């Protein structure tokens, strides 16, 4: 039996059955309201990432990135409902690696105290964690840019969430169950489950797919097609990250405020740091460089945001921005084609953030929520903490890379599910050949020729109208979209 009662003081008294024992938990509505808002903030990050990716690419593949951000979100939403949440956050599993199916189809997920703590109900925790589960494969799937068929990508997103993200989330965040959590690893908002796992998956995808057509030639020596999209995406990500990190406190408390403060400082410093390194080479104050550095700062501070003081955030921004900037050269050194430098920003950034957490984690900051005692990091003379952080990072990297590669090989061998697009599709662009639409439709040449000038459209121009182009005459439009017949 489940019963909910609201008090005049603004609390929710929840009464429910746990293994035959009647249990009562009191939830503060202010805490619940903050996590509801944080859920919406993290949601905004997902299309923001799509716009960020779209702006960095060539125009002919830009729309597919925005499309991918929303469709992968939808696929993972179903996976999370179906069994994802249960595999990541069920409490009845006896092993330390992955959950069971006690909450299959979100059974018994409503008013019970959440897996993350008894300050919010499980249903609210479920939808909040759904946004983390959704944005992680969206980050990784950016590595498919410019060269992959989109149908197999959606199959990959479902499977990857199930066998890569869910186990890592379980061992990191399932309190008292997951091995990394029991060991003492500190990961406040997703250094390993979100960033290391997605960045490493992007590395595996880049290696598996091979280089884009024209890689290493002038054909791919292009600048981002729409810097405004890059800036817009960065704004959405920066804004949403306050819910990503601040919401991970699971309540409206001082720890949430501290997490937001260090997020702001690390992001700003990371952006300035990357921009400085770019200026050193080109003597230009690059907007794309600033945005890339801001993302690096956000990634680096994520695992530490609820554990470190504000001065430490400067170190996260400087070291995160510097490490990620120089890591973009790894693709040239190792010979893989990561079109959006996802491994550099998220894989390397997540590792740097995890290791710095082992140094700067402060037991005083963790206690700001009134209920989280930790031994801290090196600044509290807890020297073993860095080893815990290294073990967690290495495990996330290894699991994600190996399982992602196996998954890619397996799906690619299913009839009709090969990942690599044809050379013709790469030439024409993934937008037209896979989505059938464009991020920006430019008018054809004959649209500018006035009939009164007596000019005629040449056969050469007409012949260049691709079979993928939108209908260019009233007759074509009528054929493509017939009007309903009046009854």
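Numbering (the UniProt record's numbering), first residue to last: 1 to 487.
Built from N, CA and C at the ideal position, the CB exists for glycine as well.
These numbers come from a predicted model, not from an experiment.
The beta carbon of residue 430 is closer than 6 Å to those of 61, 64 in its chain, skipping five residues each way along the sequence.
Collapsing the DSSP output to three states places residue 11 in a strand.
Within the DSSP secondary-structure output, residue 117 pairs in a beta bridge with 114. With respect to residue 317, residue 365 sits apart: the two C-beta atoms are not nearer than 8 Å. Shown here, residue 226 sits in coil according to DSSP, grouped into three states, outside any helix or strand.
Put simply, of 342, 75, 208, 251 the residue whose alpha carbon is nearest the alpha carbon of residue 116 is 251. In this structure, 199 is the residue among 199, 427, 162 with its C-alpha nearest to the C-alpha of residue 347.
Around the C-beta of residue 68, 16 or more other C-beta atoms lie within 10 Å, and the residue is accordingly described as buried. Bounds of any alpha helix (DSSP H) do not take in residue 24; it lies within the beta strand (DSSP E) bounded by 21 to 28. In this chain, the beta strand (DSSP E) harbouring residue 5 covers 3 to 6.
By the Cβ test, the region 89 to 101 is in contact with the region 170 to 184, since at least three Cβ pairs between them sit closer than 8 Å.
Looking from the CA of residue 188, the closest CA among 369, 76, 249 belongs to 249. Per DSSP, the beta-bridge partners of residue 16 are 23. In the three-state DSSP reduction, residue 147 falls in the coil class, being neither helix nor strand. Ranked by Cα distance from residue 303, the first of 37, 166, 352, 344 is 352.
For the set 190, 320, 344, the Cα lying nearest the Cα of residue 143 is the one of 344. Remark: three or more beta-carbon pairs, one from each stretch, lie closer than 8 Å, so the region 73 to 88 and the region 130 to 139 are flagged as touching. Separation of residue 274 and residue 387 (C-alpha to C-alpha, rounded to the nearest whole angstrom) is 28 Å.
The beta-carbon distance between residue 146 and residue 57, rounded to whole angstroms, is 7 Å. This is short enough to meet the 8 Å contact definition. The region 16 to 35 makes no contact with the region 215 to 227; the number of CB pairs closer than 8 Å stays below 3. Boundaries of the alpha helix (DSSP H) around residue 290: 287 to 301. Taking residue 45 as reference, the option from 193, 154, 314, 245 with the minimal CA-CA separation is 245. Rounded to the nearest whole angstrom, the C-alpha separation of residue 381 and residue 397 is 27 Å.
Two segments are said to touch when three or more pairs of C-beta atoms, one from each, lie closer than 8 Å; by this definition the region 290 to 302 touches the region 318 to 326.
Looking at the DSSP output, residue 420 shares a beta bridge with 148.
Under the three-state reduction of DSSP, residue 332 is assigned to helix. Residue 175 sits in coil when the DSSP states are folded into three classes, being neither helix nor strand. Taking one beta carbon from each stretch, the region 151 to 169 and the region 119 to 128 have fewer than 3 pairs nearer than 8 Å; the two do not touch.
By a beta-carbon distance limit of 8 Å, residue 404 does not contact residue 241. Their separation comes to about 25 Å. Per DSSP, residue 311 is one residue of the alpha helix (DSSP H) stretching across 310 to 327. When C-beta atoms of the region 304 to 312 are compared with those of the region 354 to 371, three or more pairs fall below 8 Å, so the two segments count as touching. Residue range 349 to 360 is occupied by the alpha helix (DSSP H) that includes residue 349.
Non-local beta-carbon contacts of residue 373 in its own chain, meaning distances under 8 Å to residues more than five positions away in sequence, involve 363, 366, 367 in chain order. Shown here for residue 36: same chain residues with a beta carbon closer than 8 Å to its own, the five before and five after excluded, namely 124 in chain order.
DSSP places residue 53 within a helical segment (H, G or I) once states are collapsed to three. Under the three-state reduction of DSSP output, residue 369 falls in the helix class.
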